[in-house]
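If you're matching them up, the sequences are chains A and B in order. Everything in the first sequence is counted per the working numbering, starting at 7 for the first residue and increasing by one. Everything in the second sequence is counted per the working numbering, starting at 7 for the first residue and increasing by one. A short write-up of the structure that comes next.
2 protein chains.
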Amino acid sequence: MKRIVSIITCLISIVVFAQKKNLVQYVKPIIGTQRMGHVYPGATSPFGMVQLSPDTDTIPYAVKGKYNPDVYKYCAGYQYDDKTIVGFSHTHFSGTGHSDLGDFQVMPTVGKLQLNPGTADKPLSGFRSSFSHKNEVAEAGYYKVKLDDDNILAELTATTRVGMHQYTFPKTNDAHIILDLMAGIYNYEDKNVWTFVRVVNDTLVTGYKQNNGWGRTRTVYFAMSFSKPFKGYGQKNFDTKQIYRGFWRKFNQEQNFPEIAGKKIRMYFDFDTEENEKVKIKFALSPVSQKNAIENMQNEIPHWDFEKVKLQTQENWNNELNKIVIDASNDNKINFYTAMYHAFISPTTYMDTNGEYKGLDQEVHKAAGFTNYTTFSLWDTYRALHPLFNLVQTNRNSDMVQSMIEHYNQSTLKMLPIWSHYANDNWCMSGYHSVSVIADAIIKGSYKGDANKALDACVATARKRSYENIGDYIDKGYIAAEKTDISVSNTLEYSYDDWTIAQLAKKLNRQDIYNEFIKRADHWKNNYDASVGFMRPKLADGTFKKEFDELSTHGQGFIEGNSWNYSFFVPHNPTALIDTMGGKSIFTKKLDNLFTMHLPDSFFAETEDITRDGIIGGYVHGNEPAHHVAYLYNWTNQPWKTQAQVRNIMKMQYKPTPDGLGGNDDCGQMSAWYIFSSMGFYPVAPGSSEYSIGSPLVNNAKINLENGKTFEIVVKNQSDKNVFVKSITLNGKSVNNHSIDHSEIVKGGKMIFTMSNKHN
Amino acid sequence: MKRIVSIITCLISIVVFAQKKNLVQYVKPIIGTQRMGHVYPGATSPFGMVQLSPDTDTIPYAVKGKYNPDVYKYCAGYQYDDKTIVGFSHTHFSGTGHSDLGDFQVMPTVGKLQLNPGTADKPLSGFRSSFSHKNEVAEAGYYKVKLDDDNILAELTATTRVGMHQYTFPKTNDAHIILDLMAGIYNYEDKNVWTFVRVVNDTLVTGYKQNNGWGRTRTVYFAMSFSKPFKGYGQKNFDTKQIYRGFWRKFNQEQNFPEIAGKKIRMYFDFDTEENEKVKIKFALSPVSQKNAIENMQNEIPHWDFEKVKLQTQENWNNELNKIVIDASNDNKINFYTAMYHAFISPTTYMDTNGEYKGLDQEVHKAAGFTNYTTFSLWDTYRALHPLFNLVQTNRNSDMVQSMIEHYNQSTLKMLPIWSHYANDNWCMSGYHSVSVIADAIIKGSYKGDANKALDACVATARKRSYENIGDYIDKGYIAAEKTDISVSNTLEYSYDDWTIAQLAKKLNRQDIYNEFIKRADHWKNNYDASVGFMRPKLADGTFKKEFDELSTHGQGFIEGNSWNYSFFVPHNPTALIDTMGGKSIFTKKLDNLFTMHLPDSFFAETEDITRDGIIGGYVHGNEPAHHVAYLYNWTNQPWKTQAQVRNIMKMQYKPTPDGLGGNDDCGQMSAWYIFSSMGFYPVAPGSSEYSIGSPLVNNAKINLENGKTFEIVVKNQSDKNVFVKSITLNGKSVNNHSIDHSEIVKGGKMIFTMSNKHN
């Protein structure tokens, strides 16, 4: 009976799929899992709380307090070149350059119980298993792999808050499903703060795990349900320093004892299985309580039909992908839809089905009329990801802005988030780019909340004098180099952020605020050293710092970049930047230099987060600060160079291979860059309603807007060589200024590019 | 204006007090704070959540994992002989033999900031202060002391959930109020699991502290409010291993930084003060959240009038004490009312003003129609404390039983509590004496809940085979000595507990349950060795263990006692015990021996929890197992010996001096023994509605029952020498069987003792 229902469900879904294009087929989550991409191949739902994915190693973040650089490649828990899988854990970042998560690692095994993970070179010594990519499938919302050591087939899917596992076992009386509550990504000795578990009955386990990691005070609650009862279970507490465990003489706490608590716990659940018997697990998360985790599970998966869940999740993905329907080569479709997939992974839902979530104040809140989100990697995502959301995820983006406002309301610092992570701000990276996201969302009409209160929050944040030298920046117009090693990039970033506040103030007729912040928007000029033609650190006495190397990424006043890339960071006023730098001709040559220079080997030795492949000339695409730079030719007399460069970047930096991302995907920013550029335009300065025009890679794109209208991009005479734009019309009228306004897109219409292999 | 209001409040209270007797004057919390009593002198409300009291040292529970025996005397955080006070913390146990708590230690200081507690021999090296008992006052609900090092007067009072401090400062620009979030009683290296603090504004601080101690998973939330704004504040995080603190370069987290988290935090708040300026603090606790702590504070103390709070709390105490009004010598009144005070400290309220509490499952629950309690030291308190509640705290006792039932409902083990401590069971001591408390409460008519469900919970607990050898006990009728070193006391205690279940089953007409448990109630016989006349460990093969020493408290099969004391532990069937031991004559001689023997020095060397003063002959009053024994003469032909002994015990074991308690008060059990015995009767077997009659110490006692009736005990011809009871009448009728039934008391009436210096 169940089989028939599954088949019917399948057929119905095929019919439904047919009404939208099957775009899920172009999503290859394996792209970017080798080397620098730092994405994971496992199963997740669009913007979902759960990211159920295989972890291929257990390298700690630090040993005896000392940072271990080998951990870096495991930001997503998975590296394509690894030969073993340790287990499947339920939370992962996508594409970050630092990490956390990897909570609740589950691993099916057969044979003698081994309560340690083993090592990569000796997998049989522990519960991990060898595997081969030949027996691995990764799709949007679905992952499958054969675990070779014990001949178990593992399949994973996920709804928003629940991960679902399906394990096909051989015949055995010795199956053990491991639940490792010690495991984690970027783990270190004292990272596990506390773990609490209740074995409620022989199919239900609940509890929570609390960590001190990148989220300083981070607790995740869970409910784990098995499709059939376990015959027994046990645990081991690996913490030698835990004095109080409950009186151990009274009962054996290691076997079949249902009240468990400690810092370092591993559990196992025992089963008998027939040949090819499938044992399934539903694993729900909650930020708030075990009760809510159970409720999430009951609401999202009230049955045991794995295929049904997989189909539903893939249909959800397909619906999201159909927001932009393109015609392009197969490889380009793979790159495009994989990018859309990566762009719709975070920010992540951080709220239970009943609306409750954990606030920044560590108290339980109820979200009234919005979905609460976290995982705001704002230094990356303000640039193109949130602007993309203002086209095809306007409702979600409105909720994301609302989440930021709630964070502000709960903050004793009275600041918007810098980097929001599970009821914490980890304050990572620089700037206060939430103001850019908020301004862009309001100016582009996405935000449904109180815009004036939002502006107040932006202003309070930008006036927080005690935060990262903002006081100095306000008083002097720049930050003295003696104060911090990122004085210049801070000033440039604050300057742009302040400009977005001014735009928002202008829209809301708050003239005083506008006047205050439009002045601050010019402070970038204070770090420009005309004598060398670069942005340069300035000392407290007003002189520029003597030692200066425009190529070096260390000690030059810039975060994760060098002066060559950062000197172009005045996205809100390229015209003034060009003037300041000496005019269009000089500026054009500078850009040319950037894209064609040869970098010395020393550059690569000292720089993280990118590879040689992430660089074109000296232009670093693998990290964010230069993402707008290729479009700056549009402000010179040689806009055709923008067209050539962006097509070049798309070709070089995005490939449909495991190693296909030249740098960390950074929670979707790299992907969002690609999506815009493929369609032929890019938001150089979010907060402005203008997009700068580049060179589309697609043959055709239809943006199916949430307001029901469609914006179509038609590309005539498209080919690999035809990178130059001969002409553009918008709804029949000629477009000559290399830009298009947001209002034109959202009212629907048609933009026609005619391409050529020669530039104008 | 405030002063006038205070005076008027004062006058009104005097008038109100006048309508009840002023009994608070007889309460001396200092009694028992020297050596063994383990009580604290600070301020608390009847059954209150807060116990705001001075801590006089900081000895850790363990160092490098090794137990430190010096910690034992600091179970209550205070020892009378100490010369310094470290600070005032908000939670303490009263009279326990193991410990925890001491959360949120506050200390006012002046001068150079010192963020360490200093040492007892060098108080000036840290924030602690010297003090003298000459400048110390301890009353019910009020504590005062002069801190000599900085010349600060400290006063404390408390409502149920809020501690209030009033500090009178000298003139200074350098006042610092320390908040030590690392401090605790029975502390050890990794006990502090996590601490989180928000400085909400310049008068309000909230947060929580989470420990792994005697309560394995224990979190306390707080809200701290100052009567005037602090001018600045700071913190220091003493955890060298905490890697993630939030990005430190961005702001100075040590001064005026309002978002704080870590394992080892000390904070300070800075003030300027005028000469004799009073700075006050309201410090509220909650088991659930910071929001609830604030609400508790607003509900319980919505103003800043310290005197008003003190008066209200003392009036609450006085109302409680007036439940039994006695006429006796001044010293005896002091002993009696101090005992009543100690008897009404725990169990403690564990619920917010909105009814929410943290359950055993670590989830938030709402108490529907009852007050939730914790701190159930059941091995001690089932004997006389809860029986006392069935006379003068029936509503509270009903709620306590309800709390136990909720604990059972939330338990994955499906057991009633053994030792309930702040949303944990620490499973301390032995037996499952909650069943005795529940049976007694139902049989005596206190419990308002579902009695059959309560019986079900008792039965499930007593059938928990895997808990501390209950399975063996069920199967064999005794526990094999090879299984545990407390095999005999377990059997004796289970046997009595089972008898109480049988009584409850009989009352509820559950015949099958009655039959099952009345059989088990006889299992004590299996450990009786007629060849030696003592209870003795029995091996798995059915033979008694060869090595046997009836005086030794180690390895003889008894918890915290020896065979000499435990062999009398068949409180539910003294008649059968006497038969089994060979008849009344032999039994009487045995009791005589117990009370007159000389103990060897080795006994004292190997035994904790009592002193020589706690012992009469070989009878150990300082610990609980023998508390009923002096009454057993009533089952012999020489009941007058009961009368002599109980008068002797009262005289020797209870004195109105700091060293006045011969053993740990054990959450009120020692005190309850005294209260009953002073009035002339004692509940030898809770679960039975009978009280065994002894020899009253009072001249007169009026029990003002909650049902509005009064039971009066009149004692004629009373004196120190007149310890023997010549005759007793109850409502005019003669009482000849040395017992009185509960029903006689609660319907009101008059019992008249006529005393004599000669026995019958």
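C-beta: ideal position from N, C-alpha, C; glycine also. Please read these numbers as outputs of a predicted model, since none were measured by experiment.
Checklist entry - Roughly how many angstroms lie between the CA atoms of Val331(A) and Val704(A), to the nearest whole one? => result In a straight line, the C-alpha of Val331(A) is about 10 Å away from that of Val704(A).
Next on the checklist: Can you give me the C-alpha to C-alpha distance between Asn571(B) and Ala632(B), rounded to a whole angstrom?
Outcome noted: Each residue's alpha carbon lies about 6 Å from the other.
Checklist entry - So which residues of chain A does Phe4(B) contact, with C-beta pairs closer than 8 Å? => result Residue numbering for chain B in the displayed model covers 7 to 766; residue 4(B) lies beyond these limits and cannot be assessed.
Next on the checklist: For a test of the three-state rule: what should DSSP assign to Val294(B), helix, strand or coil?
Outcome noted: DSSP places Val294(B) outside both helix and strand once states are collapsed to three, so it counts as coil.
Checklist entry - chain B partners of Arg272(A), CB-CB under 7 Å? => result Simply none; closest approach about 18 Å.
Item to check | Proximal residues of chain A, C-beta to C-beta of Gly219(B) below 7 Å | outcome: Neighbourhood of Gly219(B) in chain A, by CB distance below 7 Å: Tyr250, in chain order.
Checklist entry - Can you tell me the Cα-Cα spacing of Lys128(A) and Val69(A), whole angstroms? => result In this structure, the CA atom of Lys128(A) is about 21 Å from the CA atom of Val69(A).
Item to check | Neighbouring residues, chain A, relative to Pro264(B) (Cβ below 7 Å) | outcome: The answer, in chain order, is Thr418, Leu419.
Checklist entry - What span of residues does the beta strand (DSSP E) with Met113(A) cover, start to end? => result DSSP places Met113(A) inside the beta strand (DSSP E), whose first and last residues are 111-116.
Item to check | Cα-Cα separation, Asp607(A) to Thr418(A) | outcome: Note on geometry: alpha-carbon atoms of Asp607(A) and Thr418(A) lie some 46 Å from one another.
Checklist entry - Are any of the Cβ atoms in chain B nearer than 9 Å to that of Thr246(A)? => result Yes, Thr246(A) lies at the interface with chain B (some Cβ there is under 9 Å from its Cβ).
Next on the checklist: So with CB distances below 8 Å, who are the chain B contacts of Trp200(A)?
Outcome noted: Taking a Cβ-Cβ threshold of 8 Å, the residues of chain B close to Trp200(A) are Val199, Trp200, Gln216, Asn218, Thr223, in chain order.
Checklist entry - To the nearest angstrom, how far is it from the Cα of Cys81(A) to the Cα of His44(A)? => result Here the alpha carbons of His44(A) and Cys81(A) stand approximately 6 Å from one another.
Next on the checklist: Quick check: is the beta carbon of Asp196(A) nearer than 9 Å to any beta carbon in chain B?
Outcome noted: With 9 Å as the cut-off, Asp196(A) counts as an interface residue toward chain B.
Checklist entry - What are the residues of the segment 56-80 of chain B that lie near chain A, defined by any Cβ-Cβ distance shorter than 8 Å? => result Listed by position along the chain: Tyr67, Ala68, Gly71.
Checklist entry - Under the three-state reduction of DSSP, which class applies to Asn341(A): helix, strand or coil? => result For Asn341(A), the secondary structure class from DSSP, reduced to helix, strand or coil, is helix.
Checklist entry - From the DSSP output, which residues share a beta bridge with Val151(B)? => result In the DSSP output, where bridge partners are listed per residue, Val151(B) has Glu142(B), Ala160(B).
Next on the checklist: Considering only the alpha carbon of each residue, which of Glu281(A), Met188(A), Pro702(A) lies closest to Phe175(A)?
Outcome noted: Checked all of Glu281(A), Met188(A), Pro702(A); the closest Cα to Phe175(A) is Glu281(A).
Checklist entry - Does the count of Cβ pairs from the segment 98-116 of chain B and the segment 174-188 of chain B closer than 8 Å reach three? => result These segments touch.
Item to check | Beta-carbon spacing of His5(A), Asp503(A) below 9 Å | outcome: Outside the displayed span of chain A (7 to 766) sits residue 5(A), for which this structure offers no information.
Checklist entry - Can the beta-carbon of Lys26(A) be found closer than 9 Å to that of Asn325(A)? => result Yes.
Item to check | Asn336(B) CB to nearest heavy atom of the ligand NAD below 8 Å | outcome: This structure lacks the ligand NAD, and indeed carries no ligand of any kind.
Checklist entry - Less than 9 Å separating the beta-carbons of Ile91(A) and Phe137(A)? => result Yes, they are a contact pair.
Item to check | Touching by the beta-carbon criterion (3+ pairs, under 8 Å), the segment 332-350 of chain B and the segment 651-662 of chain B | outcome: Segments in contact, yes.
Item to check | 8 Å contact criterion, which Ser683(A) and Met656(A) should meet: CB distance rounded | outcome: Correct: roughly 6 Å between the Cβ atoms.
Item to check | Partner residues on chain B for Val441(A), Cβ-Cβ distance less than 7 Å | outcome: Annotation: Val441(A) has no Cβ neighbours in chain B at a cutoff of 7 Å; minimum Cβ distance is about 17 Å.
Checklist entry - Of all the options Ala445(B), Glu474(B), Lys454(B), which has the alpha carbon lying nearest to the alpha carbon of Ala463(B)? => result Looking from the CA of Ala463(B), the closest CA among Ala445(B), Glu474(B), Lys454(B) belongs to Ala445(B).
Next on the checklist: According to DSSP, simplified to helix, strand and coil, what is Ser608(A)?
Outcome noted: Three-state result, Ser608(A): helix.
Next on the checklist: Please report the straight-line C-alpha distance between Asp555(B) and Ser569(B), rounded to a whole angstrom.
Outcome noted: Between Asp555(B) and Ser569(B), the C-alpha separation is close to 8 Å.
Item to check | Extent of the continuous beta strand (DSSP E) run through Thr279(A) | outcome: Counted as a single uninterrupted DSSP element, the beta strand (DSSP E) harbouring Thr279(A) occupies residues 271-279.
Item to check | Segments assigned alpha helix (DSSP H), at least 4 residues, entirely inside the segment 497-558 of chain B | outcome: Counting only runs of 4 or more, we get 517-526.
Checklist entry - Do Gly365(A) and Gln318(A) come within 9 Å of each other at the CB atom, strictly closer than that value? => result Gln318(A) places its beta carbon 9 Å or farther from that of Gly365(A).
Item to check | Leu185(A) (DSSP reduced to helix, strand or coil) | outcome: Here DSSP, grouped into helix, strand and coil, assigns Leu185(A) to strand.
Checklist entry - In chain order, what residues of the same chain lie with their CB nearer than 8 Å to the CB of Ala271(B), ignoring the 5 residues before and after it? => result Correcting the residue identity first, residue 271(B) is Ile in this sequence and not Ala. In its chain, beyond the 5 residues on either side, Leu187, Met188, Thr201, Val203, Gln241, Lys242, Asn243, Phe244 have a beta carbon closer than 8 Å to the beta carbon of Ile271(B).
Next on the checklist: Please report the distance separating the alpha-carbon of Thr165(A) from that of Val56(A).
Outcome noted: Between Thr165(A) and Val56(A), the alpha-carbon positions lie close to 7 Å from each other.
Next on the checklist: Please report whether the beta-carbon of Ser383(A) lies at a distance below 9 Å from any beta-carbon of chain B.
Outcome noted: Not an interface residue.
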